[in-house]
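Here this note's numbering runs 117 ahead of the position in the sequence shown, where the first position is 1. Virtual Cβ for every residue (Gly too), placed ideally from N, Cα, C. Let me begin by presenting the structure, written as structure tokens, before commenting on it.
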Amino acid sequence: MRMDTYVGMAVSSLVALAIMIGTAATLHAAGKTQIDTAADAAKALQPVAGQFAFLLFSLGIIGTGFLAVPVLAGSSAYAIGESRGWKCGLEHKPWEAVGFYSVIGAATILGIGIDWSPLDPIKALFWSAVINGVVAVPIMAAMMIVVSRHSAMGQFTATRWLLFFGWAATAVMAAAAVAMIFV
């Protein structure tokens, strides 16, 4: 489990960093410093994908949606269901865990409704990232407190190094949130 976590986090962090650096370098080289539409974002792929840039971007967005929607709807259902004491889990039949599956359905319908709404998707992505960055700080702090307690975590209590890096990441996130608000 530990190796799986380390490898997964390392790979996902490298991919995210490569995407950010590649997109920034490509857009900056073209003099583009503002992305207002999905078409603007797709243009970042033109130096690599040529005439297939829009197809590649579309496939990436669709693939991301196929990955994200079930995860977000499922995690919402687990969070709400477990906090309410409902029977939760995909191993249960829908009639055995009505509340759990209702949350999955409602979250999916809400997502479709947002997609069909007049909201600007680029602005929605931007503001959801801003909100996530601010909200992440207290969540990270709470997680650090929980993982440091042997009474709560048992054999999975965080080591000193994990606590050090976890609190360091929390401090960096807090500094970034404060800087974003006041700078």
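(message) Quick check on this structure: which residue in L279, A246, V289, A224 has the alpha carbon closest to the alpha carbon of L189?
(response) A224
(message) Relative to the C-alpha of G139, which candidate in L172, L162, Y195, T181 has its C-alpha closest?
(response) L162
(request) Using the Cα positions of V263 and A269, report the straight-line distance between them to the nearest angstrom. (result) 7 Å
(request) Check whether the Cβ atoms of G216 and V186 lie closer than 8 Å to each other. (result) no
(request) Report buried or exposed for T154, applying the criterion of at least 16 other Cβ atoms within 10 angstroms of its Cβ. (result) exposed
(message) Three or more C-beta pairs under 8 Å: does that hold for the stretch 237 to 256 against the stretch 164 to 177?
(response) no
(request) List the whole-angstrom C-beta distance separating I221 from A194, where the pair is believed to meet the contact cut-off of C-beta under 8 Å. (result) 5 Å
(message) Comparing C-alpha positions only, which one of A292, L279, F171 sits nearest to Y123?
(response) L279
(message) Using the three-state DSSP reduction, which class does S234 fall into: helix, strand or coil?
(response) coil
(message) In whole angstroms, give me the CA-to-CA distance for A147 and W212.
(response) 55 Å
(message) Let me make sure I understand the geometry here. Which of V289, A142, S129 has the alpha-carbon closest to that of P255?
(response) V289
(request) Reducing DSSP to helix, strand and coil, say where R119 ends up. (result) helix
(request) Could you pull out every residue in the same chain whose Cβ sits closer than 7 Å to the Cβ of W203, ignoring the five residues on either side in sequence? (result) A214, G216, F217
(request) Compute the Euclidean distance between the alpha carbons of F299 and A293, then round it to the nearest angstrom. (result) 10 Å
(request) Please state whether DSSP places S265 in a helix, a strand or coil. (result) coil
(request) Could you tell me the boundaries of the alpha helix (DSSP H) in which D157 lies? (result) 155 to 160
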